[in-house]
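Participant:
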Amino acid sequence: MTPQEPHDSDLLPNKPKLSSRSTFRLAASLVTAIAVIVILNLTFALHLQTSMIDMRKQEIKRLVVLSLNVVEPILKRLEAGEIERDEAIRQVRKILRSLVYDDPATKNYIFMSTYDGIFLVQPFEPEMEGTNQWNMQDVNGKYTIRELVKTARQGEGYVEYYYPTPDRRIPEKKISYVVGVDSLNSYIGTGLYINDINIILLRHFRSGALGIIGVLLGFTAILVLLFRPYYKAYNFLLHQFSRIAENPDRIETSIPSHIRDHSEVRILLYNFRSMLIHLRNSRDQIETSLKEKEVLLKEVHHRVKNNLQIISSLLNLQSSELQPGQQHILQDSVVRIRAMALVHESIYAGETLHSIDMAEYVRQLSASILQLYISDSIHPKIEIRMEGLYLSLDQAVVCGLILTELLTNALKHAFDDPRNGKISVTALTEDTRVLLSVGDNGKGMDPSLLENPNGSLGLTLIQALTQQIEGSLSLETGNGTVFTVSFPRSKIAGRKNPEDGQSPPSVV
Numbered sequence: 001m002t003p004q005e006p007h008d009s010d011l012l013p014n015k016p017k018l019s020s021r022s023t024f025r026l027a028a029s030l031v032t033a034i035a036v037i038v039i040l041n042l043t044f045a046l047h048l049q050t051s052m053i054d055m056r057k058q059e060i061k062r063l064v065v066l067s068l069n070v071v072e073p074i075l076k077r078l079e080a081g082e083i084e085r086d087e088a089i090r091q092v093r094k095i096l097r098s099l100v101y102d103d104p105a106t107k108n109y110i111f112m113s114t115y116d117g118i119f120l121v122q123p124f125e126p127e128m129e130g131t132n133q134w135n136m137q138d139v140n141g142k143y144t145i146r147e148l149v150k151t152a153r154q155g156e157g158y159v160e161y162y163y164p165t166p167d168r169r170i171p172e173k174k175i176s177y178v179v180g181v182d183s184l185n186s187y188i189g190t191g192l193y194i195n196d197i198n199i200i201l202l203r204h205f206r207s208g209a210l211g212i213i214g215v216l217l218g219f220t221a222i223l224v225l226l227f228r229p230y231y232k233a234y235n236f237l238l239h240q241f242s243r244i245a246e247n248p249d250r251i252e253t254s255i256p257s258h259i260r261d262h263s264e265v266r267i268l269l270y271n272f273r274s275m276l277i278h279l280r281n282s283r284d285q286i287e288t289s290l291k292e293k294e295v296l297l298k299e300v301h302h303r304v305k306n307n308l309q310i311i312s313s314l315l316n317l318q319s320s321e322l323q324p325g326q327q328h329i330l331q332d333s334v335v336r337i338r339a340m341a342l343v344h345e346s347i348y349a350g351e352t353l354h355s356i357d358m359a360e361y362v363r364q365l366s367a368s369i370l371q372l373y374i375s376d377s378i379h380p381k382i383e384i385r386m387e388g389l390y391l392s393l394d395q396a397v398v399c400g401l402i403l404t405e406l407l408t409n410a411l412k413h414a415f416d417d418p419r420n421g422k423i424s425v426t427a428l429t430e431d432t433r434v435l436l437s438v439g440d441n442g443k444g445m446d447p448s449l450l451e452n453p454n455g456s457l458g459l460t461l462i463q464a465l466t467q468q469i470e471g472s473l474s475l476e477t478g479n480g481t482v483f484t485v486s487f488p489r490s491k492i493a494g495r496k497n498p499e500d501g502q503s504p505p506s507v508v
C-alpha cells in the first residue's frame, strides 16, 4: 500500500528561514572559529614573546662577554702578579663605569658587585657604590643580590627580578646575565627590562585579533546573504529526511516547483530517493536470504541428529552380540552419542541457531541416561537447578559430554541403595564465567583419582573436555561427591532476563 502523498504545505515552513538548530550550528561554528583564531593569535604572540626574550638574553650575554674582553688584560696582569687585586679592581671599575649603552627600553649599564654583596660599579646610582646590598629584595620579596651571587658562583647564568628603571625609578621586570670573576671575588653583569615586550605583544594581539574577527564577521555576513535563497530548499530537505527516518518506505513524494530552480537540491533529492529504493530492495533480499539460510541450517542440524541416532542404534545392535560384561563399553559410547545428538535436536527445535537452553537440554539428557541405565522405577532422584543458562553450540556439546560422564559415573558407582540417592545438577554464572556442578549424596570417591585416573576413561574424557573449553575441574568429597567445572562464558551465549527470577528446580 502506497502511503498518502504529503502536501507541500505540510512539508515547507511558513517563512524562508533557517531552522533554530541550523541557526544554532551557524552561531556555534562562528564562535568556534573566533575562538580558534584567538587561540592561534595568542599562541603566536607567546611564541613571539619567547623569541624576543631569547634575543635579548643573547644581546646582554654578548655585552657581558664584550666587557670581559675589555678588562681581560687587567685580569691577566693580576694573574701574572704584576698588580695587586685592589689595583686590578680599581682599574676594572674605571673601565666598566664608562660602558653605558642604549637598550630598546632605556639607557643601560654594566654593573659589578663582590660576592659579599658590595656594589662596586653602579653608574646610574653612584651613591650605592661601596654599600652592602646583600639583603636587597624586589617587590616580590626576592633577594636579588643573593640570587645574582648564587648564579655567578656557578660560573654564569640568567636571573629574573624586579628593579627600578634608571629614568622613572619604577620597578619593572628585568633579566640579567652575570659571570663570576673569582680572581676579583666579584661578578660582572648587565640586564634588560622586558616590560616593553609585553606592551608590544598586547598591542599586536589586540589589533590582530580585532582585525581577524572583523574580517570573519564580514565574511559570515556575506555568506548568509549569498546562501539565503537556498535556506528554504534545504529546510524542505530536512523535513523530507525526517519523514523518511520515521518511515523508510515513504519515498514517493513530490517536489515543490520552486525547488526545481535549485538543480543541485533536486539532484540530491532524486539521488537520495534512488538510494532508498536500492537499500529497501537490498534489505528485502538480505532478509529472504537469512530466512533461507536459517531453514537450511536447521535442516543440517536435523540430519546430523538423525545420523547420530542411526549410529547409536547400530551400536545398540552391535552390543547385543557381546558378552554381558562387555556390553557396557558400547553402552557408554551410545550415551555419549545421544548427548551430542540431543544438542542438534535442541538447535533444530529451538527459536535460535546461536544458543541452547541448558535447563531444558539437561532435563532431556538426564531422562535419556536414566532410561538407558536404569531398568526399573527405583532410581536416584536428579534435581536440576539452572539460572536460565544459554550456551553456544560448541560449549553445549562439550558440557553435554561432561554431564554425561558425571551422571553416568554417579548412577553406576555412587549408591549402594539407589532409593535414597540424590543427584543435583546446578549451573551458576559469576561475571563472565559459568560454574557447572554435579553432586551426589553417595559413598564418595578417592580425591586422588582426579590427579591419577588410573586408566578411567570417563575421568580422562572429563579432564580433556574441560581443557577444550579453557576451564578448570575441581572435586569435593565428604557427604558424597561434587564435581565442579568452571569455564568462561561464550560471547554469543545468552542470559535469562533478571526480572524473570530463578526458575524452580526440576526433578527427573
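Numbering of the sequence shown is given in the UniProt record's numbering, commencing with residue 1 and proceeding in unit increments. The C-beta atom is built at its ideal place from N, Cα and C for all residues, glycine as well.
#1: Within 8 Å, do at least three Cβ pairs link the segment 66 to 83 to the segment 124 to 133?
#2: Between Ala396 and Leu459, what straight-line distance do the alpha-carbon atoms span, to the nearest angstrom?
#3: Determine the direct distance from the alpha carbon of Ala33 to that of Leu66, and round the result to whole angstroms.
#4: What would DSSP say about Lys422, mapped onto helix, strand or coil?
#5: Exposed or buried, Val334, counting other C-beta atoms within 10 Å across all chains shown (16 or more means buried)?
#6: Within the 8 Å Cβ cut-off, does Met445 reach chain B?
#7: What ranges does the beta strand (DSSP E) occupy inside the segment 137 to 169, keeping only unbroken runs of at least 3 residues that lie completely in it?
#8: Helix, strand or coil, according to DSSP, for Leu192 in the structure here?
#9: In chain order, what residues of the same chain lie with their CB nearer than 6 Å to the CB of Asp103, ignoring the 5 residues before and after it?
#10: Quick check on Tyr109: does DSSP put it in helix, strand or coil?
#11: Quick check on this structure: which residue in Leu465, Phe483, Asp446 and Ile469 has the alpha carbon closest to the alpha carbon of Leu424?
#12: Which partner residues of Pro171 appear in the DSSP bridge assignment?
#13: From the DSSP output, read off the bridge partner residues of Asn132.
#14: Starting from Val489 and walking both ways along the beta strand (DSSP E), at which residues does that stretch end?
#15: What residues in its chain sit with their C-beta under 7 Å from that of Pro488, if we drop five residues either side in the sequence?
#16: By how many angstroms is the C-alpha of Asn420 removed from the C-alpha of Ile311?
#17: By a C-beta neighbour count over all protein chains shown, 10 Å radius and 16 as the cutoff for buried, is Ser113 buried or exposed?
#18: For the pair the segment 88 to 95 and the segment 210 to 220, tell me if three or more CB-CB distances fall below 8 Å.
#19: Count the other CB atoms within 10 Å of the CB of Phe219; is the residue buried (16 or more) or exposed (fewer)?
#20: Please report the straight-line C-alpha distance between Ser355 and Arg338, rounded to a whole angstrom.
#21: Report yes if the C-beta distance between Phe119 and Thr190 is below 8 Å; otherwise report no.
#22: Under 8 Å between the Cβ atoms of residue 542 and Ile197?
#23: Measure from the alpha carbon of Arg146 to the alpha carbon of each residue in Leu96, Thr165, Ala28 and Met136, then state which is nearest.
#24: Please list the segments of the beta strand (DSSP E) lying wholly inside the segment 375 to 458, counting only runs of 3 or more residues, in order along the chain.
#25: Drop a sphere of 10 angstroms on the beta-carbon of Glu345, count the other beta-carbons inside from all chains shown, and report buried for 16 or more, exposed for fewer.
#26: My understanding is that Gly117 touches Trp134, with C-beta atoms under 8 Å, so please give their C-beta distance in whole angstroms.
#27: Assuming Ala410 contacts Asp440 under a Cβ cut-off of 8 Å, what Cβ separation, rounded to an integer in Å, is found between them?
#28: With distances taken from CA atoms, which of Ile60, Leu223, Ile462 and Tyr270 is nearest Phe241?
#29: If you draw a straight line from the C-alpha of Glu59 to the C-alpha of Tyr177, how long is it?
#30: Tell whether a beta-carbon distance below 8 Å holds between Phe124 and Tyr109.
#31: What is the rounded straight-line gap between the Cα of Arg153 and the Cα of Asp182?
#32: Do the CB positions of Val64 and Val179 come within less than 8 Å of each other?
#33: What's the gap between the Cα of Pro418 and the Cα of Leu407?
#34: Give the straight-line distance between the Cα atoms of Ile382 and Ser366, rounded to the nearest whole angstrom.
#35: Along the alpha helix (DSSP H) that carries Glu360, what are the first and last residues, could you check?
#36: Can you give me the Cβ contacts of His379 inside the same chain, cut-off strictly under 7 Å, excluding the 5 residues immediately before and after it?
Facilitator: In short, the structure shows the following:
#1: Verdict: no, contact absent.
#2: Position 396 of the sequence shown, counted from the start, is the residue given in the question as residue 396. Position 459 of the sequence shown, counted from the start, is the residue given in the question as residue 459. A straight-line Cα-Cα distance of about 19 Å links Ala396 and Leu459.
#3: Your numbering for residue 66 matches position 66 in the sequence shown. Your numbering for residue 33 matches position 33 in the sequence shown. Those two C-alpha atoms are separated by around 49 Å.
#4: For the purposes of this step, residue 422 is taken as the residue at position 422 of the sequence shown. Reduced to three states, the DSSP call for Lys422 is strand.
#5: Locating residue 334 in the sequence shown gives position 334, where the first residue counts as 1. Using a 10 angstroms sphere on the CB of Val334, the tally of other CB atoms reaches 16 or more, which defines it as buried.
#6: Looking for chain B here will not work: only one protein chain is present.
#7: Qualifying beta strand (DSSP E) stretches, in chain order: 156 to 164.
#8: Indexing the sequence shown from 1 puts residue 192 at position 192. Looking at Leu192 - three-state DSSP - the assignment turns out to be strand.
#9: Taking the sequence shown and counting its residues from 1, one reaches residue 103 at position 103. Cβ within range, chain order: Leu192.
#10: Position 109 of the sequence shown holds residue 109. Correct three-state label for Tyr109: strand.
#11: Your numbering for residue 424 matches position 424 in the sequence shown. Per the sequence presented here, residue 424 reads as Ser, with Leu not at that position. Nearest C-alpha to Ser424: Phe483.
#12: Position 171 of the sequence shown holds residue 171. As DSSP reads the structure, Pro171 sits in a beta bridge with Pro164.
#13: Position 132 of the sequence shown holds residue 132. Beta-bridge partners assigned by DSSP to Asn132: Ile118.
#14: The residue given as residue 489 occupies position 489 in the sequence shown. As written in the sequence, residue 489 is Arg, which differs from the Val given in the question. No beta strand (DSSP E) contains Arg489, which DSSP labels as neither H nor E.
#15: Counting from one through the sequence shown, the residue named residue 488 turns up at place 488. Counting only Cβ-Cβ distances below 7 Å, and skipping sequence neighbours, we find Thr432, Arg433 and Glu470.
#16: Here residue 311 corresponds to residue number 311 of the sequence shown, with the count starting at 1. Here residue 420 corresponds to residue number 420 of the sequence shown, with the count starting at 1. So the alpha carbons of these two residues sit roughly 35 Å apart.
#17: Within the sequence shown, residue 113 is the residue found at index 113, counting from 1. It counts as buried.
#18: The answer is no - the segment 210 to 220 does not touch the segment 88 to 95, with fewer than three Cβ pairs under 8 Å.
#19: In the sequence shown, counting from the first residue as 1, residue 219 sits at position 219. Flag for Phe219 reads exposed.
#20: Residue mapping note: residue 355 aligns to position 355 of the sequence shown, counting from 1. Residue mapping note: residue 338 aligns to position 338 of the sequence shown, counting from 1. Approximately 19 Å between the Cα atoms of the pair.
#21: Looking up residue 119 in the sequence shown gives position 119. Looking up residue 190 in the sequence shown gives position 190. No, the pair does not count as a contact, with Cβ atoms beyond the cut-off.
#22: What the structure shows of the chain is the stretch from 1 to 508, and residue 542 is not part of that stretch, so it cannot be assessed.
#23: Taking the first residue of the sequence shown as position 1, residue 146 is located at position 146. Comparing Cα positions, the closest option is Met136.
#24: Listed in chain order, the complete beta strand (DSSP E) runs (minimum 3 residues) inside the segment 375 to 458 are 381 to 385, 390 to 392, 422 to 430 and 433 to 440.
#25: As a first step, residue 345 must be located in the sequence shown, where it is residue number 345. Of the residues assessed, Glu345 falls on the buried side of the cut-off, its CB having 16 or more other CB atoms within 10 angstroms.
#26: In the sequence shown, counting from the first residue as 1, residue 117 sits at position 117. In the sequence shown, counting from the first residue as 1, residue 134 sits at position 134. 3 Å between Cβ atoms; contact.
#27: Position 410 of the sequence shown, counted from the first residue, corresponds to residue 410. Position 440 of the sequence shown, counted from the first residue, corresponds to residue 440. That belief holds up - the Cβ atoms of Ala410 and Asp440 are roughly 5 Å apart, short of 8 Å.
#28: Here residue 241 corresponds to residue number 241 of the sequence shown, with the count starting at 1. Closest by alpha carbon: Tyr270.
#29: Residue numbering aside, residue 59 sits at position 59 when the sequence shown is read from its first letter. Residue numbering aside, residue 177 sits at position 177 when the sequence shown is read from its first letter. Rounded to the nearest whole angstrom, the C-alpha separation of Glu59 and Tyr177 is 10 Å.
#30: Position 124 of the sequence shown holds residue 124. Position 109 of the sequence shown holds residue 109. For Phe124 and Tyr109, yes; Cβs fall inside 8 Å.
#31: Translated into positions along the sequence shown, residue 153 becomes position 153. Translated into positions along the sequence shown, residue 182 becomes position 182. One C-alpha to the other measures close to 8 Å.
#32: Locating residue 64 in the sequence shown gives position 64, counting from the first residue. Locating residue 179 in the sequence shown gives position 179, counting from the first residue. In contact: Val64 and Val179 (Cβ atoms closer than 8 Å).
#33: On the sequence shown, position 418 is the one that residue 418 refers to. On the sequence shown, position 407 is the one that residue 407 refers to. Straight-line measurement puts the Cα of Leu407 at about 13 Å from the Cα of Pro418.
#34: Residue numbering aside, residue 382 sits at position 382 when the sequence shown is read from its first letter. Residue numbering aside, residue 366 sits at position 366 when the sequence shown is read from its first letter. Between the C-alpha atoms of Ile382 and Ser366 there is a straight-line separation of about 7 Å.
#35: Start at 1 with the first residue of the sequence shown, and residue 360 comes out as number 360. Its alpha helix (DSSP H) spans residues Met358 to Tyr373.
#36: For this step, residue 379 is matched to residue 379 along the sequence shown. Listed in chain order, the non-local C-beta contacts of His379 below 7 Å within the same chain comprise Leu370 and Pro418, local neighbours out to five positions each way being set aside.
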